[in-house]
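When you number the sequence shown by the UniProt record's numbering, it's gap-free, plus one each residue, and the end is 285.
Scroll down for the structure; my scribbles are underneath it.
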Amino acid sequence: MNISPFTPLHFPEANTSDGLPSRYVQVWAPTDHIMIQVIAGKGDAAPAASLNNAHTGASLSAIEFMRWEMNSEKVLYFAVLTGMSFGHYTVTVGDKTSDEFRITDDAAVLGKTTLIQYRFKDNKQREDVVSVIDNYIYFFDFRVPGGFKDSGWGFGVSNEQFNTQREDLIELYASDYLTKTFTLGGALGVPVWYGEMLNRLLTCSYVYFNGVRYVRNETEVPSLNTLIDGLDSFVFTQVLRKAQFINPTIEDLNQAVIRRIDDVNADKIYRSADISTTENINREI
Numbered sequence: 001m002n003i004s005p006f007t008p009l010h011f012p013e014a015n016t017s018d019g020l021p022s023r024y025v026q027v028w029a030p031t032d033h034i035m036i037q038v039i040a041g042k043g044d045a046a047p048a049a050s051l052n053n054a055h056t057g058a059s060l061s062a063i064e065f066m067r068w069e070m071n072s073e074k075v076l077y078f079a080v081l082t083g084m085s086f087g088h089y090t091v092t093v094g095d096k097t098s099d100e101f102r103i104t105d106d107a108a109v110l111g112k113t114t115l116i117q118y119r120f121k122d123n124k125q126r127e128d129v130v131s132v133i134d135n136y137i138y139f140f141d142f143r144v145p146g147g148f149k150d151s152g153w154g155f156g157v158s159n160e161q162f163n164t165q166r167e168d169l170i171e172l173y174a175s176d177y178l179t180k181t182f183t184l185g186g187a188l189g190v191p192v193w194y195g196e197m198l199n200r201l202l203t204c205s206y207v208y209f210n211g212v213r214y215v216r217n218e219t220e221v222p223s224l225n226t227l228i229d230g231l232d233s234f235v236f237t238q239v240l241r242k243a244q245f246i247n248p249t250i251e252d253l254n255q256a257v258i259r260r261i262d263d264v265n266a267d268k269i270y271r272s273a274d275i276s277t278t279e280n281i282n283r284e285i
C-alpha cells in the first residue's frame, strides 16, 4: 500500500540532512482540492486516515476514502479535502503523517502563490497515479509560492528559409513560440521536495498554472538555487513553454474540471464518456 507520489502533500521519511529545516509552511485556499491517492492490493482494506491539528497533534476528523478498482490486482483509495476552516493541519495516512500545511483566505498570502493543476491523459502512463476514475476526469491541485516574472520571458521561432542566388532570404515556414521561466519559492524559499514535485508533475499530459496550460520546454528541469548555506530551503526556476495549439474539445473538458463547475450541464462534461467513449477521448487527448 503506497501513497501516490503525485499527492500534493509531503509525507517525510527520516530526515538525514544536517541542515536547518525550511521555515516555509505549505499554503492552501479553502476552495482548493487536496486529493490524496493510495494505491493498494486487491485484498487490502482502506487505510486509517485523519485530519489533525498541526499544533497539538490531536485528530480532528477521520478521512473517509472512496474505493475504485484499477484492475484485477490493484485498488485505488482516494479522498479530496476541500472547504476546510482556516487553520494549520497535518494529515495522517496509516503510519505516515504529512508536513504541516495552512488553510487561509488571506489575499496578501494567496496573491503570492500559483495554483498548479495536473493530470495524465489516461491511466496507462504510470501505475502509481490515477487520472480517470469511473470515467470521471480528476486533476490534482498543488498551490506553491511563486509565479512568472516579466524578466523570464523568452521568444523563439521554428522556421525554414530559402537563400536565393542573390543572397535574399525567403521565409518558407515560420511559427513563433513563447517560453517563460517559472520561479518557485519566495523570500523564505521552499523545502527541496517542491522541486522534486514540480519536475514530477511536468511529466503529466496536462498542466495548468493559474488556469493557463504550459508544458516543459524540451528537457529543461528545475534549477536549484541555494538561499543560505546550511539552510534546507531553496528557490527553483523552471523554463516552460506556453501551449498554443490546443484541441478545443479537450480544453473545454479540462477547463470545466479545473474550475469545478457544479451544475447539471457541467456533469455531462465531467464524464469523458459523454463526449465520446473513454477510449476515443483518450486517443484524442
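Built from N, CA and C at the ideal position, the CB exists for glycine as well.
CA-CA distance, residue i and residue j?
i, j, result
"S4", "Q161", "48 Å"
"N53", "S59", "6 Å"
"D105", "T31", "9 Å"
"D128", "N199", "16 Å"
"D95", "F65", "16 Å"
"P21", "E196", "17 Å"
"I250", "N210", "18 Å"
"H33", "G19", "32 Å"
"H55", "S98", "13 Å"
"R213", "V235", "22 Å"
"Q26", "E167", "58 Å"
"residue 293", "A243", "Here the chain comprises residues numbered 1 to 285, so residue 293 is not present and cannot be evaluated."
"L76", "N123", "12 Å"
"Q255", "I261", "9 Å"
"I63", "V80", "9 Å"
"W68", "I133", "7 Å"
"S17", "G87", "28 Å"
"Y89", "L51", "7 Å"
"S61", "A49", "9 Å"
"E13", "S158", "45 Å"
"L110", "T237", "20 Å"
"D150", "G57", "42 Å"
"I103", "Y177", "37 Å"
"S85", "F6", "24 Å"
Do residue i and residue j have their CB atoms nearer than 8 Å?
i, j, result
"R126", "F140", "no"
"V144", "T113", "yes"
"N217", "T179", "yes"
"K121", "S205", "yes"
"W28", "F78", "no"
"residue 352", "G230", "The structure shown does not extend to residue 352, since the chain is modelled only from 1 to 285, so the question has no answer here."
"L201", "V192", "no"
Using a 10 Å radius around the Cβ and a threshold of 16 neighbouring Cβ atoms, would you call residue i buried or exposed?
i, result
"Q224", "The question names Gln, but residue 224 in the sequence shown is Leu. By the neighbour-count rule (16 or more Cβ atoms within 10 Å), L224 is not buried but exposed."
"Y24", "buried"
"F245", "exposed"
"G169", "The question names Gly, but residue 169 in the sequence shown is Leu. It counts as exposed."
"S164", "Note on residue identity: the sequence assigns Thr, not Ser, to residue 164. Exposed, because fewer than 16 other Cβ atoms sit within 10 Å of the Cβ of T164."
"I258", "buried"
"N247", "exposed"
"F11", "buried"
"A107", "exposed"
"L187", "For the sequence presented, residue 187 should be read as Ala rather than Leu. With fewer than 16 other Cβ atoms within 10 Å, it is exposed."
Leaving aside the five residues before and after residue i along the sequence, list all residues of the same chain whose C-beta is less than 7 Å from its C-beta, in chain order.
i, result
"Y138", "M35, R119 and S131"
"L172", "E160, Q161 and F162"
"G83", "P30"
"T203", "none"
How many whole angstroms separate the CB atoms of residue i and residue j, which I take to be in contact at a CB cut-off of 8 Å?
i, j, result
"V215", "L240", "7 Å"
"F148", "F182", "6 Å"
Suppose the cutoff is 8 Å on Cβ atoms and the five residues either side in sequence are ignored; what does the same chain contact list for residue i look like?
i, result
"M1", "V38, I39, A40, G41, D44, P47 and G94"
"residue 289", "Residue coverage of the chain in this structure runs from 1 to 285, which leaves residue 289 outside it and unanswerable."
"E73", "G41 and K42"
In its own chain, which residues sit with a C-beta less than 6 Å from the C-beta of residue i, not counting the 5 before and 5 after it?
i, result
"L227", "G189 and S233"
"F142", "P8 and I116"
"G152", "K180 and T181"
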